[in-house]
Structures are given as structure tokens and as C-alpha cells.
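Read the structure below first, then the notes.
Structure (C-alpha cells):
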């Protein structure tokens, strides 16, 4: 054990200061804490506050104290017709718009992946709409839909079809909103699907081709299952976004005509700031929050998307 | 038999090209149209049938918006709010992303915290806007750019955290471990090894935060009241009134608002898919 | 220069026990190889020395210093990673000089030392390159150079050769052995490759499921395996491990009868015998342990590997390279009982006879 004697004689190497050691030991907390605290402040606080607001009647006059109404605002959800309209409109919009975006995006991605794989600049051009400020998209489509001098009616006229009021028409307003949204967000689906397609392995397709599977069979038996995780993520994100639709409606229709495009976000905005009833607005918000959190949690667990 | 197949193949190919061509036209025309109209005199904007190409181009509306009306100011406000948000979100998001990518936490905590952070981003903004409004009102912060930065951080910070987490997860952990054995602290390894290697991801994340903040509408609509803090989207919306829509002006402003975004978008193309999916799809 | 000592060290990840109650002393200047299959805890053991993992319980000493609470940077160890972990954004020169840079050694002195180390590992012409511009062998040398530039108290090598192709691996193995001899630095080397372990080590610690099954010189480990696991892990081709029953010193498995195992009695026994200790004899040889048809005969170059069925298992033996037997041809098989080992099938331990 001469070895031991030797190293004991050697000077004890430095082991660092206490502060350094403390920082290193707690680094996993120190690095995470700021973000977590900020987000706690910005989400938990509002949620609690909102719950508090939701059980009160809040007068626009700041001098009048809040009046506790218990479940009153929540019970109003059952009877408030406008809320039901908003819920219906948001649901219709979400289902139709997201479905259309998904199908168009997937179709385009399949075409581009199969026939024009090397032309990456096409991808770059096709992605532009989704990056644009929603306000710019909204005014662009407002200009296109303009009943008197809009381009769309000119095209209808040239095709010999009756011109329409589009966003101003009771039956076409929601359709118009959906078209504008589809224009902006199909690229999102398209890009994600294209990324999914690009990462498909080749061997299973070769094996399937040798086994004699048709292109159609390969699509259903290989492409769709392989793409499933990407599809799930894309759908989830788009659905979450569609539920919060606000800008387009605010500019294009303002919720009209005849409440045909009054979506939940817009209704909450109106209740809070036009009818000045923050208590009820908070109750609707909590409802939306509950539905979205429940849906996304269920969806993520279901699709096993975590990590 | 072969010949029929050949013909079919060509037909399929042609219709595929046609479909993509249609998609290109549909994608580009509205953008062209807003740009074209921003260079037309009012009378040409209202022309029936529409003037497909501005025969009589003018910068009148740009002048009106950016010289006579405070659109330059709106733009500056947008920029300040976006830059402020980006600095806060990327700084803390990078640290949190690194922590979640690298460190072990007891039990399921890492998973739970990651998931919770993501879920805050899933929260519809209309939901948190009421309490935030009351909060800013209470602290007399309504109509300030700081309020915008705080509100925008609420949805940019989770985004930055998840993006950076995914970029750090792509880096081999041995590099930082080697640095530690070679004589660095974990924090030093993060600063000197992980961060430089994640620089492309960091830049992309920052640009995404800029884009998201620049484009934001709802929070700004509720928090800002005057040109003191109003952002570009709010300025544009303000020129769409019940009585009159200032088409030329909003087209000019809308087009100007879009240009930096499109440039940014080109810069982050390679990261776009990852950005859109919170790092879930690597693209 | 220092020894490394593990004192009752345990490491758990959640409920999973990676290393259980480890006691081990690596002598000063020793080349110790931790050998075992993946997941046996060998890498975790090494990472605990580096400080990249904390111990769950127990103490680790480097020299006389207990290092449990010492940050990696102060442990004065150097590590070569399986993936080399070269900093992709730094040139070869900066990679090698990184440990010195962190220690704030002036640039000129740094340059001199880098040049010297680079010469030693024959990298002097490549100093300006980035890691991605190097071949696998060159990257390996950069990783080595970065480790030896500051003569640490302990070298830790984590499967450093596993990413090289077979030919280069043999060459680097020799270089590593020479380098360690020259530098005289205590070295812990992790590998799952038993040939690397045999050729490099002063002593080998064979690990399995978080415990050291046997610690000894390569010769001891090879000639005198203490457990069934060690017997099966060491040697290529691997040792025959045939299940059976031992009564009065006679091992029986179906047609296979091996006499001369002392007076041992083991109801569930495993007979271990290396292929070179099983011989092909004439099928009518009275001394044969069994007679059986050839299952397969594979020429490996220096010899022929012949196997026959023994119950449900295969018994293989090394025969002359000119062995001409065909599949299904009857041969006699003789197991050299004095070279065979007996293991208890229950406890997995050696049974002496």
C-alpha cells in the first residue's frame, strides 16, 4: 500500500467553493425555476382570478363592489342563447376548417412528395400564407370578398354565376370565414405532412411492392400508419388554434350577419368589453378552458404523444 | 397494355402538376392583390371590373399611412413589444428547455412539468385575457408596451421552452459531460458547449417568437388604447370602421406588416416544421 | 497518480439497481478493465468515478480523497467517450487544448503542449481540421490526446474502440496498451469485448447485473472462472455449458458421460468445458465421452470447429484444420475432464472437485 502513502503526501487538490457547489447541485432547479414561476404567474394566477370573477356579478362601475352570485354565471351558460350560438359556430368552424385543411394539405403534400420532390422552392412559396399576420390575411380577404368591387364577384360574373355578398351573406358568411382560414392554414398541414412523408422509411414500401400491394393499399397500410403521429400532432395544434379563432371574424364579419359567425372567442370579447359583464365572460372562458384542456389531455394521452 | 399504362401515367402526372399550379396561383394571388391595391389610387381600387395590374401606380397610401397617420409609430411599438418578448422568452425558455432536456427529476416530474408548460400554450388567449386585463388595470399598466411583453410572454415562453428542449435533445450529452470532466462546471458546459452548438436552433426560436409577437392581435386589441402602445395590427384594424374602410391605407400597412415576416419566414425555413409543431416533428 | 477505491457503492435509478454494493480497489498505475454485457453497470461505475453520476450510497475515493461531493472538474480525471465527444465546432487543436483553456493556461504554453501531445498521437498535420473532416481512427486519437494532455490522476475509457472497424481496433488496442504503460496513469477501461479485456488489462473485473462476478488477472479469469456467468462470457468461441446431472463424479446428459470429476454429486449441474479441451476421437474409442453424428463442421482457418448434439444443446470442439469429417458422420468425442469445470445450476457458482 505504498500507493496510499504517496497520494496522502500529495497536496489535496482544490474542490471548489461552496457557492459553486451549491449552484451546480441545484442547477436543475435554478434553470427551470424562472420559466416555471413566470408561467405560474401568467396562468395559474389568471385561472384562479377568473374563477373568482366567475362567481361574482361585476359592475362596470368600479365603485360598486362585486356581488357574489355563486354558480349564477355558470347556470346562465345553460340558458344564454348567444352562448349556444357561439358554441355551435365554433364547433362547426373547427370541424369543417380543420378537416378541409387536413385533406387539402395531405393531398398537396402527397402530390409534391411524389412528383416534385426536388423543387423545394415550391414548398417555400406554399408556406407563405400561414406566416402572414392574421390581420393582413383578414383585410386581404375582406378586399377579395367586397360585394361591389371585389375580385371574387368579378370571377363569379365572368363565369356567369350570380354575385354574392359573401362575408355579408347570412348563408355564406361562415363559409367565407372558413375559406380564408383554409387559405391561411392549409400550408401548416401541408408542411407537416410533407415532413412526415419525407421521413418515411423506404424498405417497407419495397417489401410491400414485392408482396404485390397496390399503390392504394400501400397508402392505407403503410403511409397512413407511419404518418399517424404527425397527423395527430398537426390536428391537435390546428384544433386548438381553430377554437381560439378571433382575428378573421373580428375584421371580416364582426360576428354577423345575424350572429352566423359569432364564435366563442368573439362572444367572450363582446360580453366582457361591450356588455361589460366580466363575471359572465369569465364563466364562459372557464368553460372554454375546461373543454380545451380536457380535449387536449385526452388527445395527447390517446395518441401517446408525450415525448 | 404498356401503352395504356404509359398514357395513364402521363395523365396522372399532368393532373398532379395542374393541381400544384392551381395551389400556387391560389396561394399567391391574394398576396399579389393586396400589394397591387396598395399602389393604386382609390378610384382604381373601386374600379369595376377590377384593375388587375395597377396602371397608374402611386405611393400615396404609403405616405398617408406612414407620414400622415402614425403607422410608423405602430410599427415601432410592434417591434419593441416583439423584441422585448423574444428576449425574455428565449432567455428563460432556453434555460428551462435545457433543464428539461438534460436533468433528471424525481418521479414523473420532468414529464409532468414539460406537459404542464405545453398546456399553458394550449390555453386559448381569450381565456387569460380577462384576468390579465384586470391585473394590468390594477397595476395601472394598461396601454403600455410592458403589458404587451408580459402578455406575449405567456404564450411565447412555453413555445421557446419546447423548441429549445427539442434542439438540446438533439445534441449528444457526452459533449457536455466531456467538458465537465475536462474541467468545466455544468453551467459552464451549458454556456460554452451546448449553447454554441444550439445556436441555429436558438436563432430560429428567436425568429419564431418575433413572428408570433409581431402577428398578435387579440391581446393588443384589449391591452392597448392609444398610439402610445398600439401595434401595427391594431392600427390597421382601426382603419376598418363602421362607416368607412380605408382600403388603400390598410393595404399599404398590411403589405408592410407582411414583408418582414415573409423575410423572417424564409430565414427559418429549415426549422419551420419543428417550430410549427413545438419541436415534435423534426422535419 | 492515484488509486481508485469503491466502498460499498450502490447506484439506483428509481427502482432499478444499476450497481449493487460495489467494493473494488484499482491500484495506482493499474490498467483495470470493467467487462460485462450492456446494462451490467460497468459504465455507471465509471461515470461515478468521473462524477457524472452521483452515488446512491457508499463512498468513492481517488487516492486518499473521498470524492462523492467533489464536482467533476475538481476530480482530475480524464475520460474518453465511446462517441469520442469531440466538440464539433472546435478545431483539432482547440479540442485537444480545451482542458488547458478551461484551466486558464496561457495560449503560447497551450500551443506548445498541444503540439507535443499531437506529435505523440501522430496528429500534428491535422491540427486545423474540424472533427467532421477526420476519419474514425483520427477522431479517436484526438479524444485520446485531449485526455492525456494534462496527465490526470485517472484515465477513464468508455468503450473507446467500439466505433472503429476491426482492423483499426487491433492497431489502436496495441497503441493504447503502450501509451498506458508509458504514461503510468491509473486507468479504468470499460468494454463488453472480452478480447479487449484479455489483451489490455492488468486485472479484469467481470460485472453482471450490477455486481462484480469475478476480479482477477486475465489469466485467472480465463483459466479459473468462479461463476457460470464468467465462464460463459470469457473465451471465443465460448465455453460449452452443458446441463446435466453429476453423480459420484460422473456427469451425465443423455449419451454424454464425463468421468473423472472427483466425487462430486450435483443434481442440477452445468458442465463447462472450452472447445479446445474437447477432442475428436475414433467412434469406437473406449475412452470417448460419447459417440454422436457431426452436427456441423466449420473451418475457421487455424482450426475446424466441430459440434455434436448433447441433449438439446450443442457441444463444440476445436479440431485440426485438416479435419475432414462430414455432417452426420459418426465421431467419438472426448471431454478432458481435468480441464472441465462444474457449476451448480441453482447457485451458478463453481463446484470444486
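Residue numbers (the working numbering), protein chains in the order written: chain A, 1 to 307; chain B, 1 to 283; chain C, 1 to 353. The C-beta atom is built at its ideal place from N, Cα and C for all residues, glycine as well. Values in this document were obtained by computation on a predicted structure and should not be read as measured data.
Report yes if the CB atom of residue i is closer than 8 angstroms to the CB atom of residue j, and no otherwise.
{"i": "residue 268 of chain B", "j": "residue 204 of chain B", "result": "yes"}
{"i": "residue 163 of chain C", "j": "residue 82 of chain C", "result": "yes"}
{"i": "residue 217 of chain B", "j": "residue 135 of chain A", "result": "yes"}
{"i": "residue 183 of chain C", "j": "residue 217 of chain C", "result": "no"}
{"i": "residue 74 of chain B", "j": "residue 227 of chain B", "result": "yes"}
{"i": "residue 129 of chain C", "j": "residue 92 of chain C", "result": "yes"}
{"i": "residue 255 of chain A", "j": "residue 245 of chain A", "result": "no"}
{"i": "residue 278 of chain C", "j": "residue 248 of chain C", "result": "no"}
{"i": "residue 146 of chain C", "j": "residue 63 of chain C", "result": "no"}
{"i": "residue 189 of chain A", "j": "residue 252 of chain A", "result": "no"}
{"i": "residue 174 of chain B", "j": "residue 194 of chain B", "result": "no"}
{"i": "residue 99 of chain C", "j": "residue 182 of chain B", "result": "yes"}
{"i": "residue 35 of chain B", "j": "residue 111 of chain A", "result": "no"}
{"i": "residue 115 of chain A", "j": "residue 17 of chain B", "result": "yes"}
{"i": "residue 342 of chain C", "j": "residue 288 of chain C", "result": "no"}
{"i": "residue 51 of chain C", "j": "residue 18 of chain C", "result": "no"}
{"i": "residue 154 of chain B", "j": "residue 289 of chain A", "result": "no"}
Can you give me the Cβ contacts of residue i inside the same chain, cut-off strictly under 8 angstroms, excluding the 5 residues immediately before and after it?
{"i": "residue 49 of chain B", "result": "none"}
{"i": "residue 30 of chain A", "result": "23"}
{"i": "residue 128 of chain A", "result": "187"}
{"i": "residue 7 of chain C", "result": "23, 58, 59, 60, 61"}
Between residue i and residue j, how many whole angstroms is the CB-CB distance? I'm expecting something under 8 angstroms.
{"i": "residue 85 of chain A", "j": "residue 247 of chain A", "result": "Incorrect: roughly 20 angstroms between the Cβ atoms, too far for contact."}
{"i": "residue 291 of chain C", "j": "residue 332 of chain C", "result": "5 angstroms"}
{"i": "residue 189 of chain C", "j": "residue 33 of chain C", "result": "5 angstroms"}
{"i": "residue 24 of chain C", "j": "residue 215 of chain C", "result": "7 angstroms"}
{"i": "residue 299 of chain C", "j": "residue 321 of chain C", "result": "7 angstroms"}
{"i": "residue 268 of chain A", "j": "residue 284 of chain A", "result": "5 angstroms"}
{"i": "residue 263 of chain A", "j": "residue 89 of chain A", "result": "5 angstroms"}
{"i": "residue 139 of chain A", "j": "residue 251 of chain B", "result": "7 angstroms"}
Does residue i come out as helix, strand or coil in the three-state DSSP assignment?
{"i": "residue 10 of chain C", "result": "strand"}
{"i": "residue 235 of chain C", "result": "coil"}
{"i": "residue 295 of chain C", "result": "strand"}
{"i": "residue 67 of chain A", "result": "strand"}
{"i": "residue 205 of chain B", "result": "helix"}
{"i": "residue 82 of chain A", "result": "helix"}
{"i": "residue 241 of chain B", "result": "coil"}
{"i": "residue 221 of chain C", "result": "helix"}
{"i": "residue 181 of chain C", "result": "helix"}
{"i": "residue 149 of chain C", "result": "coil"}
{"i": "residue 279 of chain C", "result": "strand"}
{"i": "residue 58 of chain A", "result": "coil"}
{"i": "residue 343 of chain C", "result": "strand"}
{"i": "residue 169 of chain B", "result": "helix"}
{"i": "residue 28 of chain C", "result": "coil"}
{"i": "residue 192 of chain B", "result": "helix"}
{"i": "residue 240 of chain C", "result": "strand"}
{"i": "residue 49 of chain C", "result": "helix"}
Counting only the same chain and skipping the five closest in sequence on each side, list residues whose C-beta sits under 6 angstroms from that of residue i.
{"i": "residue 144 of chain A", "result": "150, 151, 152"}
{"i": "residue 234 of chain C", "result": "194, 221, 222"}
{"i": "residue 84 of chain B", "result": "149"}
{"i": "residue 166 of chain B", "result": "279"}
Take residue i and list the residues in its own chain whose beta-carbon comes closer than 7 angstroms to its own, dropping the five residues that flank it on each side.
{"i": "residue 20 of chain C", "result": "10, 210, 211"}
{"i": "residue 94 of chain A", "result": "239, 242, 243"}
Within 8 angstroms of chain B by C-beta, residues of the segment 31-64 of chain A in sequence order: 31, 32, 34, 35, 36, 38, 39, 42, 43, 45, 46, 47, 49, 50, 53
Listed from N- to C-terminal order along the chain, which residues in the segment 159-173 of chain B have their beta-carbon within a distance smaller than 7 angstroms of any beta-carbon of chain A? 161
At a Cβ cut of 7 angstroms, what residues of the segment 151-168 of chain A count as close to chain B, listed as they run along the chain? 151, 154
Can you give me, in chain order, the residues of the segment 175-192 of chain B that have a beta carbon less than 7 angstroms from any beta carbon in chain C? 175, 177, 178, 180, 181, 182, 183, 184, 185
Pull out every residue of the segment 186-212 of chain A whose Cβ sits closer than 9 angstroms to any Cβ of chain B, in chain order. 186, 187, 188, 190, 191, 192, 194, 195, 196, 198, 199
Short-range partners of chain B found in the segment 120-133 of chain A, where Cβ spacing is below 9 angstroms: 120, 122, 123, 124, 125, 126, 127, 128, 129, 130, 131, 132, 133
Cβ-based contacts, 7 angstroms cut-off: residues of the segment 195-215 of chain B near chain C: 196, 197
Contact residues within the segment 92-107 of chain C, judged by C-beta distance below 8 angstroms to chain E: Going by chain labels, chain E is absent from the structure shown, which instead holds the protein chains A, B and C.
For the segment 186-203 of chain C, enumerate the residues whose C-beta is nearer than 8 angstroms to any C-beta of chain A, in chain order. none
To be precise: take each residue of the segment 258-287 of chain A, compare its Cβ to all Cβ atoms of chain B, and keep it if any distance is under 8 angstroms. Which residues remain? 264, 265, 268, 269, 272, 273, 278, 281, 282, 285, 286
Interface residues of the segment 20-42 of chain B facing chain A [CB-CB below 9 angstroms]: 20, 23, 24, 26, 27, 28, 29, 30, 31, 33, 34, 37
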